[in-house]
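Residue numbers (this note's numbering): -3 to 71.
To keep things clear, I will list the structure first and then write my remarks on it.
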Amino acid sequence: MIVFFKAGLVGLLEEMRDEKLAQLITRTQARCRGYLMRVEYQKMVERRESIFCIQYNIRAFMNVKHWPWMKLFFK
-3 MIVFFKAGLV GLLEEMRDEK LAQLITRTQA RCRGYLMRVE YQKMVERRES
47 IFCIQYNIRA FMNVKHWPWM KLFFK
């Protein structure tokens, strides 16, 4: 079966297809980038929380390291 189009209609249909394809690709890229940035942000938050935890523990250690009973643990 052969379909005949008016002059210029095939070009118009191809342009419409190209626009839709460009929109789909753009949305897909945006979603992928959004996902990757959310993952990266979560890693940054976890690193920050880890840093605070380490700092808290080091500060606590620095406060008690000179106590006589604590020196017993270090010998």
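Backbone N, C-alpha and C define an ideal beta-carbon position, used for all residues, glycine too.
Treat the numbers as computed from the prediction; the structure is a model and nothing was measured.
Rounded to the nearest angstrom, the gap between the Cα atoms of residue 56 and residue 62 is 12 angstroms. In the three-state reduction of the DSSP assignment, residue 26 falls in the helix class, which pools H, G and I.
In the structure shown, residue 63 falls within a coil segment according to DSSP collapsed to helix, strand and coil. The three-state secondary structure of residue 40, taken from DSSP, is helix.
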